[in-house]
Every structure is written in C-alpha cells, then in structure tokens.
Amino acid sequence: MLKRATFASMLIFLFSLSPISFGYNLDAAIQALYHSPQNAAPVYNGAVSWFDKQRGFGEIQPDDGSKVVFVHFSVIQSPKKEKTLHSGQRVTFAVLDDGKTRRALWVRPL
Numbered sequence: 001m002l003k004r005a006t007f008a009s010m011l012i013f014l015f016s017l018s019p020i021s022f023g024y025n026l027d028a029a030i031q032a033l034y035h036s037p038q039n040a041a042p043v044y045n046g047a048v049s050w051f052d053k054q055r056g057f058g059e060i061q062p063d064d065g066s067k068v069v070f071v072h073f074s075v076i077q078s079p080k081k082e083k084t085l086h087s088g089q090r091v092t093f094a095v096l097d098d099g100k101t102r103r104a105l106w107v108r109p110l
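Residue numbering for the sequence shown follows this note's numbering, beginning at 1 and increasing consecutively.
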C-alpha cells in the first residue's frame, strides 16, 4: 500500500505532464490505464478496414456504422499472442473517444 505522501507525489506528477506528450488528454490516459475491459463501455464488434504490419496500426469499421476507430498493435489481445490483424478480420473491442480521435482498446479477434 502506498503512503499518502507517495500517492500525492504521483498524482502531482501525473497532472503536471503535458497532455500533448500522451497524444490525447490526461483524463483519457488515466481512464485507459486504470479501467478494465469489463468496466469500459460500450463493447463493439467490427471488421478490420486495413492494418499495416510494418507500422503496427490500422483502422476498424464498427458494425453499427459509426466512425472508424484507430487501432494500434499494443492493444491486440490474441490467445496466440499475435500482435497483427488482417483486412476483413472480425474483432471485438472497446472505444476510447477523447473528442479528437476514436481509439480501440482491448481488441480481440473473433
């Protein structure tokens, strides 16, 4: 268990960081770090539009017809430990929407 002074120092450090360094706002970063996939709402199904294996990112088109979602290889949770997706592959995922970009979290191939 953290001492109060240590916990307070960590909070001050987190809030002193520039939101630009995260690529999105600090609240979104904290939400992504501390929320489990069970608490993330909502969960979507969709198909991979494209995925660049060399660069490690791509886009997913949700089945509900909403805007495309950015996906990075670091959020792929495959039982085979593969960190790549294929065009047209079906996936399930949560979405982190910071108002600027929609990012996929906890991407699982179906």
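Backbone N, C-alpha and C fix where the C-beta goes; we use that ideal spot for every residue, glycine too.
In this text the structure is predicted, and so the values were computed from the model without any measurement.
Same chain, Cβ closer than 6 angstroms to residue i, neighbours up to 5 away in sequence not counted
{"i": "residue 45", "result": "63, 92"}
{"i": "residue 61", "result": "46, 47, 49, 68"}
{"i": "residue 108", "result": "77, 92"}
{"i": "residue 82", "result": "none"}
Limits of the beta strand (DSSP E) - the one that residue i falls within
{"i": "residue 42", "result": "Run containing residue 42: none; DSSP gives neither H nor E here."}
{"i": "residue 72", "result": "69 to 72"}
{"i": "residue 56", "result": "No beta strand (DSSP E) holds residue 56; DSSP gives it neither H nor E."}
{"i": "residue 79", "result": "Careful: residue 79 lies outside any beta strand (DSSP E) and carries neither H nor E."}
{"i": "residue 92", "result": "90 to 97"}
Nonlocal neighbours in the same chain, by C-beta distance under 7 angstroms from residue i, ignoring five residues either side
{"i": "residue 66", "result": "none"}
{"i": "residue 53", "result": "84"}
{"i": "residue 110", "result": "90, 91, 92"}
{"i": "residue 72", "result": "56, 57"}
{"i": "residue 80", "result": "none"}
Distance CB(residue i)-CB(residue j) smaller than 8 angstroms
{"i": "residue 51", "j": "residue 86", "result": "yes"}
Close Cβ partners of residue i (< 8 angstroms) along its chain, the five nearest in sequence each way excluded
{"i": "residue 74", "result": "56, 83"}
{"i": "residue 88", "result": "47, 48"}
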